[in-house]
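See structure below.
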Amino acid sequence: GQQVMQIPQYQHVQEGEDFTTYCNSSTTLSNIQWYKQRPGGHPVFLIQLVKSGEVKKQKRLTFQFGEAKKNSSLHITATQTTDVGTYFCADNTGGFKTIFGAGTRLFVKA
Amino acid sequence: KAGVTQTPRYLIKTRGQQVTLSCSPISGHRSVSWYQQTPGQGLQFLFEYFSETQRNKGNFPGRFSGRQFSNSRSEMNVSTLELGDSALYLCASSLARGGGTGANVLTFGAGSRLTVL
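Chains as they are written, first to last, in the working numbering: chain S, 1 to 110; chain F, 111 to 227.
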């Protein structure tokens, strides 16, 4: 069924280092969304990618959608302590439901 | 504009009891989705409602049910509570399905944290 695999599960970085999380699907996705959940908070929408090979940037965050629309990545350049949290990719290809990956929890050491 | 409002924020129940959680979506949002979040299972889809109709549901037992009212507000109910039902229950609203690239973006409420003893 509809499923997105996300890796890694956890990532510890030193402040200033880069961070990447990957999302993969066995089926072609119509679009991919990314959300961030701060510790103790709720998921907040970051971005949606729709086109094959699409790349979007938000300040230090770079989002990519694979050419085959089966994978996506989120890359953070020069992490800051404010980046801590869990990053989720999400797929709503299946109709009337959005399925979330397991998330990657980012820890940033100052 | 006001965000997604969930009540209650925290509640404690004992096994066998039932619980009802409420969600008021953003004004104008007609789709409401519910998720269960636990440390071990992540965000699990429960069900989605649009115009008072359940359009999709996840793999949860029949003890989990929901409904949506004409004003788009939604409730979910869990009957015969089990210890494993302890979780953060998140409600999310969106404009509508298939209504453009931004229409299916989810806006989450703060959640209702349920503890079952």
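Glycine included, C-beta positions come from ideal geometry on N, C-alpha and C.
Mind checking if residue i is an interface residue toward chain S, Cβ cutoff 9 Å exclusive?
{"i": "Ser134 (chain F)", "result": "no"}
{"i": "Tyr145 (chain F)", "result": "yes"}
{"i": "Ala202 (chain F)", "result": "yes"}
{"i": "Phe174 (chain F)", "result": "no"}
Using the beta-carbon of each residue, which ones in chain S are nearer than 8 Å to residue i?
{"i": "Val215 (chain F)", "result": "Gln33, Phe45, Gln48"}
{"i": "Leu153 (chain F)", "result": "Pro43, Phe88, Phe100, Gly103"}
{"i": "Glu158 (chain F)", "result": "Phe96, Lys97"}
Kindly indicate if chain F contains any beta-carbon less than 9 Å away from that of residue i.
{"i": "Phe65 (chain S)", "result": "no"}
{"i": "Phe100 (chain S)", "result": "yes"}
{"i": "Gly97 (chain S)", "result": "Correcting the residue identity first, residue 97 (chain S) is Lys in this sequence and not Gly. Yes - at least one Cβ of chain F is within 9 Å of the one on Lys97 (chain S)."}
{"i": "Phe88 (chain S)", "result": "yes"}
List the residues of chain F that residue i touches, going by C-beta distances under 7 Å, in chain order.
{"i": "Asn92 (chain S)", "result": "Asn214"}
What does DSSP give as the partner residues of residue i in its beta bridges?
{"i": "His12 (chain S)", "result": "S:Phe107"}
{"i": "Asp91 (chain S)", "result": "S:Ile99"}
{"i": "Gln6 (chain S)", "result": "S:Cys23"}
Classify residue i as helix, strand or coil using the three-state DSSP reduction.
{"i": "Gly152 (chain F)", "result": "strand"}
{"i": "Leu46 (chain S)", "result": "strand"}
{"i": "Thr81 (chain S)", "result": "helix"}
{"i": "Gly194 (chain F)", "result": "helix"}
task: Check each residue of the segment 67-83 of chain S: if its Cβ is closer than 9 Å to any Cβ of chain F, include it; give the result in chain order.
output: none
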